[in-house]
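Engineer: Let me give you the structure first, and then I'll get to my questions.
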Amino acid sequence: MSCLFCEIVAGEREACVVHADEVSFSFLDTRPVFKGHVLVVPREHVETLTDLPEVGPFFERVQAMARAVEEGLQAGGTFVAMNNRISQSVPHLHVHVVPRNKKDGLRGFFWPRTKYASAEEAETYAAAVRKAR
Numbered sequence: 001m002s003c004l005f006c007e008i009v010a011g012e013r014e015a016c017v018v019h020a021d022e023v024s025f026s027f028l029d030t031r032p033v034f035k036g037h038v039l040v041v042p043r044e045h046v047e048t049l050t051d052l053p054e055v056g057p058f059f060e061r062v063q064a065m066a067r068a069v070e071e072g073l074q075a076g077g078t079f080v081a082m083n084n085r086i087s088q089s090v091p092h093l094h095v096h097v098v099p100r101n102k103k104d105g106l107r108g109f110f111w112p113r114t115k116y117a118s119a120e121e122a123e124t125y126a127a128a129v130r131k132a133r
């Protein structure tokens, strides 16, 4: 089974590479939210965050890329996001690092927000997550 991002990492597909090392590979998104939108992927194929054996080294690269996007593009900040399975367009873990500036037109999150009916309902959700951890 072929993976688009593995092909990019292997040099089999063209990409505008921003950085590459033994842990990660970073390149411009071909359909950016804003110009300078970078995807950071682990060099080794893993599909989701929970599949990543060593989180620390990878997220050090994500942190460095967020800093580089801000400094290199003189952006006011960044939007850093990832999906796991749902809405994950390529089944290879990838983190979006998107340059942001005030009044850039991007408002909040891309999805609708909700509220808990009560503190008790919120605690029920928190307890379910705590128990699974």
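If you're matching positions, the sequence shown starts at 1 in the UniProt record's numbering and goes up one per residue. The beta-carbon is built from N, C-alpha and C at its ideal position, and this holds for glycine as well.
Considering just the uninterrupted stretch of the beta strand (DSSP E) at P99, what are its terminal residues?
Structural biologist: On the sequence shown, residue 99 is found 99 positions in, with the first residue counted as 1. Residues 95 to 100.
Engineer: Distance check for D29 and E22, CA to CA, integer angstroms please.
Structural biologist: Here residue 22 corresponds to residue number 22 of the sequence shown, with the count starting at 1. Here residue 29 corresponds to residue number 29 of the sequence shown, with the count starting at 1. Using only the alpha carbons, I get a separation of about 20 Å.
Engineer: Since L39 is in the alpha helix (DSSP H), which residue starts that stretch and which ends it?
Structural biologist: The residue you call residue 39 lines up with position 39 of the sequence shown. Run containing L39: none in the alpha helix (DSSP H); it sits in the beta strand (DSSP E), 38 to 42.
Engineer: Cα-Cα, which of T50, Q88, S2 is closest to E12?
Structural biologist: What you label residue 12 is simply residue 12 of the sequence shown in a count that begins at 1. When each option's Cα is compared against that of E12, the closest is S2.
Engineer: From P99, A64, N84, V38, pick the residue whose C-alpha is nearest to that of T48; which is it?
Structural biologist: Position 48 of the sequence shown holds residue 48. Measuring from the Cα of T48, the nearest candidate turns out to be N84.
Engineer: Roughly how many angstroms lie between the CA atoms of V41 and V97, to the nearest whole one?
Structural biologist: On the sequence shown, residue 41 is found 41 positions in, with the first residue counted as 1. On the sequence shown, residue 97 is found 97 positions in, with the first residue counted as 1. V41 and V97: Cα-Cα distance of roughly 11 Å.
Engineer: Have a look at R107 and V9 and give me their C-alpha separation to the nearest angstrom.
Structural biologist: Within the sequence shown, residue 107 is the residue found at index 107, counting from 1. Within the sequence shown, residue 9 is the residue found at index 9, counting from 1. Distance between the alpha carbons of R107 and V9 is about 32 Å.
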